[in-house]
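Engineer:
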Amino acid sequence: MEEVSRGWDEFWAELFRIRHRRSMQGIHEYDRMIVEFCINVLNLTEGKSVLDIACGAGDHCIEFARHGIKVTGFDIANSLINYAKNRAKEEDLDIILFQGDMREISFDRKFDAAVLLSHSFGFFNHEENKNVLKHTFAALKPNGRLLLDLINPYNLPHFQKTWTRLEGGYLLSEPHVLDAQAGVLRGRPAVFIDIENNLLIHMNEDALSNNDIRMYTALEINQMLDEVGFSKIEFFGSNALPRMPYSHNSNRMVVVAVK
Ligand SMILES: C[S@@+](CC[C@H](N)C(=O)[O-])C[C@H]1O[C@@H](n2cnc3c(N)ncnc32)[C@H](O)[C@@H]1O
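Numbered according to the numbering used here, the sequence shown terminates at residue 259, and the numbering increases by one at each position without gaps.
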């Protein structure tokens, strides 16, 4: 079996965000539940606009659009954006989708709300993470709302080594490990056995660079949002309705803030 290394956009984005995600039972119901929660806490009604930052394969963009929300979504991975565009076309949904880097967006007072879902915040160093919040603040209309759907840093899932049978082969995922001193959740290299092409596929440098996530506490997030200019910062312990208070053992740490 030949061994090769592949990049995030080149291979892994499609494998994780489309093939692997599609294999999860109940994922569509989960997506619908999250979007209903967002619509509720962000005060969104038909015709309002939302920016889905790091939208992945567009699963939530599609759900927002089905509710009559005007959606703009972007992601660093072109492969995911192309997939999302095709899905939107198939469903005849009018969604603006483009490839982009969250560190470089430059919208000015354009959206009623912005979301970063499935812990899509904290991929960079502290200054860059804060810059993402600054750009998002600029992108919101006055009184616009931001929602961050995060893993609760005090109640991390029990990550396990898993073998998953996917279309075309087997995915070996190593468990994430918390680097407590750095406050960073470090993802481990994954391997895919491509049985159709007889390949052992590893992550290259580029794919590995996507693997570390800074785990901010509520206090730290609160301070960053406050410094960027957000107010009325609220924390919830779940990304589903009814609204749940946030505590150390909540499933999620969902943050909502107002411009
Ligand atoms: C955990 S996934 C979440 C995807 C989607 N929001 C969801 O909930 O299914 C994180 C996403 O962030 C994207 N991403 C990573 N770095 C990015 C960047 N600098 N700018 C925009 N998107 C980025 C990845 O391609 C990936 O799709």
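Beta carbons: idealized from backbone N, C-alpha and C, even for Gly.
Over the uninterrupted alpha helix (DSSP H) stretch that includes Q223, give me the two end residues.
Structural biologist: If you number the sequence shown from 1, residue 223 lands on position 223. Its alpha helix (DSSP H) spans residues 218-228.
Engineer: Pick from L133, A13, L148: whose alpha carbon is nearest that of Q99?
Structural biologist: Looking up residue 99 in the sequence shown gives position 99. Residue A13 is the option with its Cα nearest to Q99.
Engineer: Based on the DSSP secondary-structure assignment, which residues constitute the bridge partners of M253?
Structural biologist: Here residue 253 corresponds to residue number 253 of the sequence shown, with the count starting at 1. DSSP lists L150 as partners of M253.
Engineer: Measuring straight from C-alpha to C-alpha, what distance separates L241 and L172?
Structural biologist: Looking up residue 241 in the sequence shown gives position 241. Looking up residue 172 in the sequence shown gives position 172. Taking the straight line from one Cα to the other gives about 34 Å.
Engineer: Can you name, in chain order, every residue of its own chain whose Cβ lies under 7 Å from the Cβ of D31, other than the five neighbours on each side?
Structural biologist: In the sequence shown, the residue the question calls residue 31 occupies position 31. Excluding sequence neighbours, D31 sits near D59, H60, E63.
Engineer: Given a threshold of 16 other Cβ atoms within 10 Å of its Cβ, counted over all protein chains shown, does K259 qualify as buried or as exposed?
Structural biologist: If you number the sequence shown from 1, residue 259 lands on position 259. Per the 10 Å Cβ criterion, buried.
Engineer: Quick check: V177 and F111, are their CB atoms within less than 9 Å of each other?
Structural biologist: Against the sequence shown, residue 177 aligns to sequence position 177. Against the sequence shown, residue 111 aligns to sequence position 111. Taking 9 Å as the Cβ cut-off, V177 and F111 do not qualify as a contacting pair.
Engineer: Give, in chain order, every unbroken run of the beta strand (DSSP E) that is at least 3 residues long and sits entirely within the region 11-71.
Structural biologist: For the region 11-71, whole beta strand (DSSP E) runs of length 3 or above, ordered along the chain, are 49-53.
Engineer: Which residues in the same chain have their Cβ closer than 7 Å to the Cβ of N239, if we skip the five residues on either side of it in sequence?
Structural biologist: Translated into positions along the sequence shown, residue 239 becomes position 239. The answer, listed in chain order, is I34, F37, D149, R252, V254.
Engineer: Roughly how many angstroms lie between the CA atoms of V184 and E196, to the nearest whole one?
Structural biologist: The sequence position of residue 184 within the sequence shown is 184, counting from 1. The sequence position of residue 196 within the sequence shown is 196, counting from 1. Cα to Cα, V184 sits roughly 36 Å from E196.
Engineer: Judging by CA-CA distance, which residue of F16, S23, P142 is the nearest neighbour of N211?
Structural biologist: Reading the sequence shown from its first residue, position 211 is the one you call residue 211. It is F16.
Engineer: Does the beta-carbon distance from A139 to F159 come in below 9 Å?
Structural biologist: Position 139 of the sequence shown, counting from 1, holds the residue named residue 139. Position 159 of the sequence shown, counting from 1, holds the residue named residue 159. Their beta carbons are not under 9 Å apart, which means A139 does not touch F159 by this criterion.
Engineer: Hey, would you say M102 sits closer than 9 Å to L116, going by beta carbons?
Structural biologist: As a position in the sequence shown, residue 102 is number 102, starting the count at 1. As a position in the sequence shown, residue 116 is number 116, starting the count at 1. Yes, the pair counts as a contact, with Cβ atoms nearer than the cut-off.
Engineer: Count the other CB atoms within 10 Å of the CB of M1; is the residue buried (16 or more) or exposed (fewer)?
Structural biologist: Against the sequence shown, residue 1 aligns to sequence position 1. Classification of M1: exposed, given that the 10 Å Cβ count is below 16.
Engineer: For S173, verify whether its CB is less than 8 Å away from any heavy atom of ligand 1.
Structural biologist: What you label residue 173 is simply residue 173 of the sequence shown in a count that begins at 1. Not under cutoff, so the answer is no.
Engineer: Report the CB separation of A84 from L97 in whole angstroms; it is logged as a contact under 8 Å.
Structural biologist: Against the sequence shown, residue 84 aligns to sequence position 84. Against the sequence shown, residue 97 aligns to sequence position 97. Confirmed, Cβ separation roughly 5 Å.
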